[in-house]
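K.L.:
In the numbering used here, the protein residues as written are 35 to 432.
Built from N, CA and C at the ideal position, the CB exists for glycine as well.
Take this structure first; my questions come after.
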Ligand code: ADP
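Here you go:
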């Protein structure tokens with residue numbers, strides 16, 4: 035069976051077509067600038083790439099174009115749409131309304147719209163727009179929703195609750211939900227496979243370090259805590275997100291900067307993090323270049339990022355009462371050896387023996403073991419694959 039994985043944003047739509055027999059990606063691409071002038075689709079298939087510069091006033095037109103690219107006589111990989119057995123949609127937030135991959139029905143969409151849009155106003159509404167567009171263009175094809183939050187549904191109450199009035203948690207659903215669940219799930223399972231261990235016997239901290247970053251504690255194959263919260267703003271500082279900040283400082287900043295609540299939250303999401311600290315960029319390649327050139331604020335941003343990551347690893351080792359493995363993944367986790375080294379060099383006391391030489395190698399899509407052979411705690415670099423998890427979950431559901 036072939037499964038189409040769709041990740042729709044407000045003006046973008048990324049996709050992969052995965053052959054489930056081989057779990058290989060047979061076509062992929064993305065539409066950009068949907069609803070904006072200059073929209074285009076970059077599509078890959080048959081080892082070739084093609085760029086379609088066509089007006090895409092909405093997601094329906096975008097998905098129609100994607101399907102025609104999948105059937106294109108040059109880069110196409112299917113003859114008919116019937117070859118697509120199902121579509122798996124990435125959905126960011128579930129609230130407490132869905133705790134696992136869910137087959138789409140009108141009832142499900144209604145719950146999404148009524149209950150989850152306000153939880154993730156930037157992510158869930160465009161994802162549902164993409165979903166509706168797919169349903170229109172591919173009637174009869176089963177659609178599944180795979181939530182970023184599902185893997186974190188196993189967190190115990192003591193981990194996901196904030197110290198607020200319990201009745202308010204119950205009434206409004208204000209609690210930690212966590213994000214990047216598909217990635218944490220994938221790399222923790224891959225780590226167990228690589229170490230030839232039963233996931234039940236492993237205490238793993240997974241560090242998904244990308245433009246958005248989150249860290250999870252995975253005990254016995256289940257998530258028991260994670261650094262992102264009610265929204266993806268919480269946890270360590272990120273590309274442009276502040277990470278954890280005293281709630282009183284938020285109100286103070288709003289007052290000083292003359293901002294509304296919404297404006298200050300936007301500021302904390304878009305103008306802070308390593309970009310705000312460095313004043314240079316959210317991209318770690320720019321920060322590393324800045325540090326190299328003697329820019330003290332780039333160095334500070336990198337230092338803060340590693341320090342905050344380190345603190346979560348330590349906290350989660352304590353929460354699990356031990357640590358067998360640390361996994362680094364995503365753009366920064368897979369490509370920035372200095373961050374990994376800065377985190378691990380302070381973890382000797384937990385039994386981490388670091389192998390700097392292997393750490394400096396390029397992972398190039400492979401699993402890298404960057405702890406020394408004798409290290410009690412294994413440290414691995416594992417390329418993440420969120421689309422494959424979405425495809426697998428969709429196939430399982432069917
Ligand atoms: P997201 O999916 O959250 O947008 P990614 O996982 O793609 O983010 O991570 C983006 C980050 O990864 C950027 O800060 C970028 O600098 C970093 N990154 C990607 N490739 C490299 C590289 N080759 N060297 C250093 N950093 C890299």
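Which residue comes first and which comes last in the alpha helix (DSSP H) that contains residue 123?
P.N.:
That residue, residue 123, is in no alpha helix (DSSP H); its beta strand (DSSP E) goes 118-125.
K.L.:
So does the stretch 63-78 actually touch the stretch 208-219, counting three or more Cβ pairs closer than 8 Å?
P.N.:
Cβ pair count under 8 Å is below three, so no.
K.L.:
How big is the Cα-Cα spacing for residue 337 and residue 399?
P.N.:
Residue 337 and residue 399: Cα-Cα distance of roughly 26 Å.
K.L.:
State the start and end residues of the unbroken beta strand (DSSP E) segment that holds residue 242.
P.N.:
From DSSP, the beta strand (DSSP E) with residue 242 extends over 237-243.
K.L.:
When the distance is taken between beta carbons, is residue 78 closer than 8 Å to residue 61?
P.N.:
Against a cut-off of 8 Å, the Cβ pair of residue 78 and residue 61 comes out as a contact.
K.L.:
Answer yes if the stretch 389-399 comes into contact with the stretch 331-348, meaning at least three C-beta pairs across the two stretches below 8 Å, and no otherwise.
P.N.:
Judged by Cβ distances under 8 Å, the stretch 331-348 makes no contact with the stretch 389-399, as fewer than three pairs qualify.
K.L.:
Going by C-alpha to C-alpha distance, which of 188, 242, 203 and 379 sits closest to residue 259?
P.N.:
Comparing Cα-Cα distances from residue 259 to each of 188, 242, 203 and 379, the minimum goes to 188.
K.L.:
Using 8 Å as the threshold, is the C-beta distance between residue 203 and residue 209 below it?
P.N.:
In this structure, residue 209 lies closer than 8 Å to residue 203 by Cβ.
K.L.:
Grab me the residues of residue 316's own chain with a C-beta within less than 7 Å of its C-beta, minus the 5 sequence neighbours each way, in chain order.
P.N.:
Only 245, 273, 274, 307, 308 and 309 meet the Cβ criterion.
K.L.:
Pick out whichever of 277, 284, 420 and 289 has its Cα sitting closest to the Cα of residue 363.
P.N.:
Looking at the Cα atoms, 420 is the closest of the given residues.
K.L.:
Output the residue ranges of the alpha helix (DSSP H) runs that lie fully inside the stretch 174-206 and measure 4 residues or longer, sorted by chain position.
P.N.:
Complete alpha helix (DSSP H) runs here, min 4: 191-194 and 200-206.
K.L.:
Quick one: is the Cβ of residue 394 within less than 7 Å of any heavy atom of the ligand NAD?
P.N.:
With respect to the ligand NAD, the structure offers nothing, as its ligand set consists of the ligand ADP.
K.L.:
Mapping DSSP to helix, strand and coil, what is residue 220?
P.N.:
Helix at residue 220.
K.L.:
Taking any heavy atom of the ligand ADP as the mark, which residues have a C-beta closer than 7 Å to it, listed down the chain?
P.N.:
In chain order, the qualifying residues are 244, 245, 246, 273, 316, 317, 318, 319, 322, 364, 365, 366, 369 and 370.
K.L.:
Among 46, 411 and 184, which residue has its Cα nearest to the Cα of residue 358?
P.N.:
Nearest C-alpha to residue 358: 411.
K.L.:
Starting from residue 391, follow its DSSP beta bridges and name the residues at the other end.
P.N.:
DSSP lists no partner for residue 391.
K.L.:
Does the Cβ of residue 173 have 16 or more other Cβ atoms within 10 Å, making it buried, or fewer, making it exposed?
P.N.:
Exposed is the call here.
K.L.:
Should residue 282 go down as buried or exposed, given a rule of 16 or more other Cβ atoms within 10 Å for buried?
P.N.:
Flag for residue 282 reads exposed.
K.L.:
Per DSSP, which residues does residue 154 bridge with? Please list them.
P.N.:
For residue 154, which the question treats as bridged, DSSP gives no partner whatsoever.
K.L.:
So what's residue 284 in DSSP terms, helix, strand or just coil?
P.N.:
Here residue 284 sits in helix by DSSP.
K.L.:
Which residues mark the beginning and the end of the beta strand (DSSP E) in which residue 260 is found?
P.N.:
Run containing residue 260: 256-260, per the beta strand (DSSP E) assignment.
K.L.:
According to the Cβ coordinates, are residue 432 and residue 52 closer than 8 Å?
P.N.:
Not a contact, by the Cβ cut-off of 8 Å.
K.L.:
Give me the DSSP bridge partner(s) of residue 44.
P.N.:
Answer is none; residue 44 lacks a bridge partner.
K.L.:
To the nearest angstrom, how far is it from the Cα of residue 236 to the Cα of residue 403?
P.N.:
Distance between the alpha carbons of residue 236 and residue 403: 16 Å.
K.L.:
Using the beta-carbon count (16 or more within 10 Å), is residue 165 buried or exposed?
P.N.:
Residue 165 should be labelled buried.
K.L.:
Hey, how far is the Cα of residue 150 from the Cα of residue 407?
P.N.:
Computed Cα separation, rounded: 46 Å.
K.L.:
Exposed or buried, what is residue 324 when buried is set at 16 or more other beta-carbons lying within 10 Å of its beta-carbon?
P.N.:
Result: buried.
K.L.:
Quick one: what does DSSP say residue 60 is sitting in, helix, strand or coil?
P.N.:
Note: residue 60 maps to strand in three-state DSSP.
K.L.:
Per DSSP, what kind of secondary structure is residue 370 in: helix, strand or coil?
P.N.:
Residue 370 falls in the coil class under three-state DSSP.
K.L.:
What's the C-alpha gap between residue 133 and residue 262?
P.N.:
Cα-Cα distance, rounded: 17 Å.
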